[in-house]
Ligand code: GAL
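Residue numbers (my numbering): 496 to 1192.
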């Protein structure tokens, strides 16, 4: 959870957005650096991340250090009023480490090693790697810990991006230590892993290995524990680096998370509490059907990790990346829309990878703030324009996003739901989460993303997509929320197993039968491409189940498919609240309609018309005011009701705000008071805020 205000990183008296990039001056001659800082000032850059991949420059041979160039870079940036987010430099060891110690190279599940020539070629359990890495951190922290340019410490880089799972003997041994700490006894491990199955019972700790490739399917509980262990090992590296820094510097520390559709290696819910500032890297993923909605989702996840506090976007691309099969350039205004969507959803800092486009190495064709073609480019003009815009929006910093709906999401849930040997390979956790999120967004609903087991008390509606494994505590929390008057929507394949992934018997979903008022005797997944029709006009794919209601009412049943006449959508009253169950994967329009109905029943403000017009509307509220962000993704200008001061153009808005096609407007609202200025029950500020927003919209 963030303990440091992002807007105070640069100056505690002058709140402003951090704005900048990864800066890799080691790739350039010193004459270029002068051009760099001049242009950084032109773009209003306030913070650059340096020394991210600096190890081989700083320690060209073991124990031989050369800080001369980095000294000059720090001084130059400082002289130009540019803050430094200083990398510890440990993200990629120099080639000499593997030459001296080949056992530090990571091993894949098939027993083959990966080699130098790329990046992150190390085993995170290797004591040799750690000793060398901490030796470097010691040098860097001792030398620069008191340097006035240093505003933030950047630990390693995207920990676990490429090397999260190592299967070498050292990792296997560390895995056993982790397992002993978790289970205490072999009996407890055998029980939790269900090793009575297929003669897998372990008779000694040293017989246990990592889940390497097997000739058949493997043990699911072992696989998930290995994911947990691997996440913890990398977190241990983070902690160890911070501990060294703390001997020399009190400057806040963080690392850049990867809340993304294509990487799921780390359980960031367990990491968040260790960060002084929550930072995320986000790239539009054109392999997805709807990259823009995923951007909003990732931003909301990041805000969730930050406990609602403002966070930093540490990396994004000004235009194309280089690592997707097709690297799509951004259209006019798209980079600014992307950036301000992150801001709308709680970012108080915007940075890019990277400052100046590389001319060598595998990222030559990745966009940058300063493109190969120079400053007479659309990218550069947008970079300068965004710098100006962020200055105009400075008063927004510190404010928080207002949401009355929670979406439950977790990395461990992702690992477990997507294990093999399940009823249908078409049930992919993130798809189901994205679908629910998109359906809420289509209703104009702002969502907080929360972890399983989070306190739900501030919300009117909670949506739980495909949460396959559920502890008693998580199920009880959800049930208590509903019994106390909340509304919940749970989707299929939720609540089936406990936290060790053991199936709960007596009718699915064992953890939620009472809450949902249903019992399912068998799953009937659909064929690929097959769809079914429901008697409320909806269509659905992927999944059906032989479900009977106990206390729930049936809202829709199948007309065809394997189970005609069987309930597909149900609603149950429990205590003062309502729990909906979606037993199938509704198509996008039907899901949006169903979640819209549930949201309205829960008293949540919806605005499907604005969403359909392409408007994304989010409210941030803080001490200096309440700020309405309106992002127009559509091809036509769009209007909405608002009165106040539009901050990007500096104009008064009197009743109607027009957001140009592809544009963004931010209004400090007259009608919604700043935080603390609301009338009514002072203990219920958020609720009052939502009421006012509902009236406003
Ligand atoms: C990130 C990484 C950067 C750069 C960028 C390219 O994963 O932290 O160093 O490689 O991707 O998109």
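Every residue, glycine too, gets a C-beta built ideally from N, C-alpha and C.
Relative to the C-alpha of residue i, which residue among the options is closest?
i	options	result
residue 847	775, 854 and 855	775
residue 1126	520, 772, 782 and 838	838
residue 937	518, 856 and 1101	1101
residue 543	998, 765 and 808	808
residue 557	604, 514 and 628	628
residue 867	693, 612 and 849	849
residue 746	1107, 826, 578 and 1058	578
residue 802	865, 901, 1076 and 824	901
residue 760	870, 991 and 729	729
residue 704	670, 507, 683 and 1045	670
residue 913	963, 948 and 930	963
residue 766	757, 778, 753 and 777	753
residue 717	686, 741, 735 and 739	686
residue 710	818, 601 and 693	693
residue 1130	1140, 1113, 1146 and 1109	1109
residue 1071	1064, 1081, 1097 and 1077	1097
Return yes when the C-beta of residue i is under 6 Å from any heavy atom of ligand 1, and no when it is not.
i	result
residue 816	yes
residue 1211	With the chain covering only 496 through 1192, there is no way to say anything about residue 1211.
residue 652	yes
residue 848	yes
When you compare the CB positions of residue i and residue j, do they come within less than 7 Å of one another, or not?
i	j	result
residue 733	residue 750	yes
residue 725	residue 659	yes
residue 969	residue 795	no
residue 501	residue 715	no
residue 1083	residue 1067	no
residue 638	residue 548	no
residue 832	residue 899	no
residue 957	residue 978	no
residue 1162	residue 1137	yes
residue 1038	residue 1020	yes
residue 863	residue 852	yes
residue 520	residue 568	yes
residue 1041	residue 1009	no
residue 910	residue 722	yes
residue 545	residue 518	yes
residue 888	residue 1164	no
residue 662	residue 615	no
residue 1054	residue 1028	yes
residue 823	residue 777	no
residue 894	residue 1117	yes
residue 1011	residue 1074	yes
residue 1135	residue 1114	no
On the DSSP bridge list, what partners appear for residue i?
i	result
residue 1146	1141
residue 602	608
residue 903	945
residue 774	751 and 807
residue 875	Residue 875 is not bridged to any residue.
residue 969	None; residue 969 has no bridge partner.
residue 1203	The question about residue 1203 has no answer, for the chain in this structure spans 496 to 1192.
residue 517	544
residue 672	Beta-bridge pairing links residue 672 to no other residue.
residue 958	902 and 984
residue 1120	1117
residue 523	DSSP lists no partner for residue 523.
residue 559	556
Which two residues bound the contiguous alpha helix (DSSP H) that contains residue i?
i	result
residue 833	829-839
residue 731	715-741
residue 1046	Segment: none, residue 1046 is in no alpha helix (DSSP H) and carries neither H nor E.
residue 790	786-800
residue 766	763-766
residue 997	From DSSP, residue 997 is part of no alpha helix (DSSP H); its letter is neither H nor E.
Following the continuous beta strand (DSSP E) through residue i, name the residue where it begins and the one where it ends.
i	result
residue 648	645-649
residue 1069	1062-1069
residue 847	842-847
residue 1013	1013-1018
residue 1093	It is not in any beta strand (DSSP E) - residue 1093 instead sits in the alpha helix (DSSP H) that spans 1083-1096.
residue 581	578-582
residue 708	It is not in any beta strand (DSSP E) - residue 708 carries neither H nor E in the DSSP assignment.
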